[in-house]
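Reading the sequence shown from the start, the letters are residues 723 to 847 in my numbering. By construction, the Cβ of each residue, glycine as well, lies at the ideal position given by its N, Cα and C atoms. Everything numeric in this text was worked out from a predicted model, so none of it was measured. Input: a single structure, listed below in structure tokens.
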Amino acid sequence: MDLNGRDCDISKKVIGVLSLCISMLAISITAFSAEYKVGMEGWEFNPPKLTVKVGDTVTWINDDDTKHKIAFEDKSLNAPVRKHARKFAVGDKFSLKFTKAGEFKYFCGTHESQDMLGVVIVEAR
Ligand SMILES: [Cu+2]
């Protein structure tokens with residue numbers, strides 16, 4: 723009986739530790755999704771090449787003194803594409819959370835021919 727009682731206590735402790743671990747894991751997954759910023763000053767994406775992990779968010783900010791646009795080459799992203807480029811007034815912001823790994827090229831719809839190009843490389847977490 724004594725032994726049974728002890729076993730029971732141990733399994734309660736194990737369950738307690740396990741649920742604590744699961745909670746901590748959930749918290750750490752959230753904590754590790756990072757946010758990045760990309761500027762547009764001087765008709766350039768800064769930085770033009772950014773490496774992030776799946777689940778991270780990138781925010782583009784028009785910190786330039788003229789209008790810009792963003793369009794992605796990959797139509798499978800939930801993001802603006804060539805025919806529907808996202809317009810950026812001065813000071814405008816746009817955030818995109820990357821939910822899959824890959825190399826995602828984008829460009830300014832106005833200054834593409836002036837090499838206003840960027841790429842976000844998304845690595846598996
Ligand atoms: Cu531009």
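Within the chosen limit of 8 Å, ligand 1 reaches the beta carbon of Lys789 through at least one heavy atom. Between Val812 and Val780, the C-beta spacing is not below 9 Å. For Leu818, the enclosing beta strand (DSSP E) begins and ends at Lys815 to Lys819.
Measuring C-alpha to C-alpha distances from Pro802 to each of Ala793, Asp785 and Phe810 identifies Ala793 as the nearest. The beta carbon of Trp765 lies closer than 8 Å to those of Asp786, Thr788, His790, Cys830, His833, Gln836 and Met838 in the same chain, with the five residues before and after it left out.
Counting only runs that start and end inside the region 783-811, the beta strand (DSSP E) elements of at least 3 residues fall at 790-794 and 808-810. With respect to Ala823, Val844 sits close: the two C-beta atoms are nearer than 9 Å. Among the bridge pairs identified by DSSP, Gly824 is matched with Val844. Inclusion of Thr832 in the 8 Å shell around ligand 1 follows from its C-beta lying nearer than that to a non-hydrogen atom of the ligand. The three-state secondary structure of Glu757, taken from DSSP, is strand. Trp782 has its Cβ no nearer than 8 Å to any heavy atom of ligand 1. Cβ contact annotation for Leu772 (same chain, cutoff 8 Å, sequence separation greater than five): Tyr758, Val760, Val780, Gly840, Val841, Val842 and Ile843, in chain order.
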